[in-house]
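Quick notes on the structure that follows.
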Amino acid sequence: GVGDWHNCVLDSDGQALCWGFNDSSQLDAPSTALISVVGGGGHSCGLQADGSPLCWGGASPEASTPPEGMQFVALVAGQSHTCGMDGDGLVTCWGNIDAPPEGSRFIAIDSGSQHVCGVTDSGTVLCWGNNDQGQSSPPTGNFTAVAGALNASCALTDDNQVQCWGSDENGTTSPPADTSLVTLSGGSFNMCGLTDAQEVACWGLDSDGVPSPPAGGFSQVGVGNTHACARETSGAIQCWGNNSHGQTDAP
Numbered sequence: 580g581v582g583d584w585h586n587c588v589l590d591s592d593g594q595a596l597c598w599g600f601n602d603s604s605q606l607d608a609p610s611t612a613l614i615s616v617v618g619g620g621g622h623s624c625g626l627q628a629d630g631s632p633l634c635w636g637g638a639s640p641e642a643s644t645p646p647e648g649m650q651f652v653a654l655v656a657g658q659s660h661t662c663g664m665d666g667d668g669l670v671t672c673w674g675n676i677d678a679p680p681e682g683s684r685f686i687a688i689d690s691g692s693q694h695v696c697g698v699t700d701s702g703t704v705l706c707w708g709n710n711d712q713g714q715s716s717p718p719t720g721n722f723t724a725v726a727g728a729l730n731a732s733c734a735l736t737d738d739n740q741v742q743c744w745g746s747d748e749n750g751t752t753s754p755p756a757d758t759s760l761v762t763l764s765g766g767s768f769n770m771c772g773l774t775d776a777q778e779v780a781c782w783g784l785d786s787d788g789v790p791s792p793p794a795g796g797f798s799q800v801g802v803g804n805t806h807a808c809a810r811e812t813s814g815a816i817q818c819w820g821n822n823s824h825g826q827t828d829a830p
């Protein structure tokens, strides 16, 4: 899980290991086994084996206070909010974010800083939250995955092409020509994804080198404010970009 200025991964026992900025206790993971973990603006959340969410840290306590008695199959986190998708594709959010469209069912969701987008069970994209740069106004079409940034969003079409919308101030909505990806992840100013050859491709703000990922084969990639991390196919973590808070010093 990659947050704005911190990261968390799970060890072989499901314990969250976090590093980077700790201004809001977002690194202070509980000693509870988890099956997944995500990072937000200043908080972190994970899912326990039964699907119950568990959160820690956060300058905004509401983002770290999930509803009781609910189970999810996926979590996403933004600047000051968190959302969970249950096994029926229904999404519940907590913190500083609008409620998702009532009755909509999703197959995938992702969060930008202050907005959330999801791929519905019919393949269209719906977004909610901040829309001051058009980041919550997706194009029509059929999609398989979606990712959110600060003021932009991107999605993968069913033939693995990238379509983006919102602000292109930092090149966030301008992926390299003929980019074909199988996964997609967004940070504040950058987007990254994996090709079918398991290589990382990134674009957007280049002040800290995020669009220049390391070579090699990877199975996951995540993007923060001005850094990114990826898991090698061997399981090792590589991070690159801004290291002002130790966020690229992977364990």
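Throughout, the numbering used here is defined as the position within the sequence shown, counted from one, plus 579. Note that CB positions come from ideal geometry on N, CA and C, so glycine has one too. For clarity, every value in this text was computed on a predicted model and none was experimentally measured.
For the set 766, 762, 714, the Cα lying nearest the Cα of residue 743 is the one of 714.
Assignment of residue 748 by DSSP, reduced to helix, strand and coil, places it in the coil class. In this model, residue 640 and residue 648 are separated by some 18 Å (Cα to Cα).
The residues 730, 745, 746, in chain order, have a CB closer than 6 Å to that of residue 712 in the same chain once the five nearest residues on each side in sequence are set aside. Note that the C-beta distance between residue 599 and residue 588 is not below 9 Å. Boundaries of the beta strand (DSSP E) harbouring residue 689: 685-690, taken from the DSSP string. When secondary structure is reduced to three states using DSSP, residue 641 falls in the helix class. The beta-carbon separation of residue 584 and residue 765, rounded to 16 Å, does not stay under the 8 Å limit for a contact. Taking a C-beta distance under 9 Å as the contact criterion, residue 809 and residue 801 qualify as a contact pair. Taking the C-beta atoms as reference points, residue 721 is found nearer than 9 Å to residue 702. Cβ-Cβ distances below 6 Å link residue 817 to 793, 809 in the same chain, with the five nearest sequence neighbours on each side left out; the list follows chain order. Residue 594 has its alpha-carbon roughly 21 Å from the corresponding atom of residue 662. Beta-bridge annotation (DSSP): residue 681 is not paired with any residue. Judged by beta-carbon spacing, residue 604 lies beyond the 9 Å limit of residue 657, meaning their Cβ atoms are not closer than that value. Distance from the CA of residue 664 to the CA of residue 633, rounded to the nearest whole angstrom, comes to 14 Å. If you check the CB distance, residue 582 and residue 625 do not come in under 9 Å. Around the beta carbon of residue 687, 16 or more other beta carbons sit within 10 angstroms, so the residue counts as buried.
The C-beta distance from residue 623 to residue 608 rounds to 7 Å, short enough to meet the 8 Å contact threshold. The beta carbons of residue 771 and residue 725 sit no closer together than 9 Å. The Cβ atoms of residue 829 and residue 815 sit closer than 9 Å to each other.
By the 16-neighbour rule on beta-carbons within 10 angstroms, residue 646 is exposed. Using a Cβ distance threshold of 9 Å, residue 732 and residue 761 do not count as a contacting pair. When DSSP states are grouped into helix, strand and coil, residue 609 belongs to the coil group.
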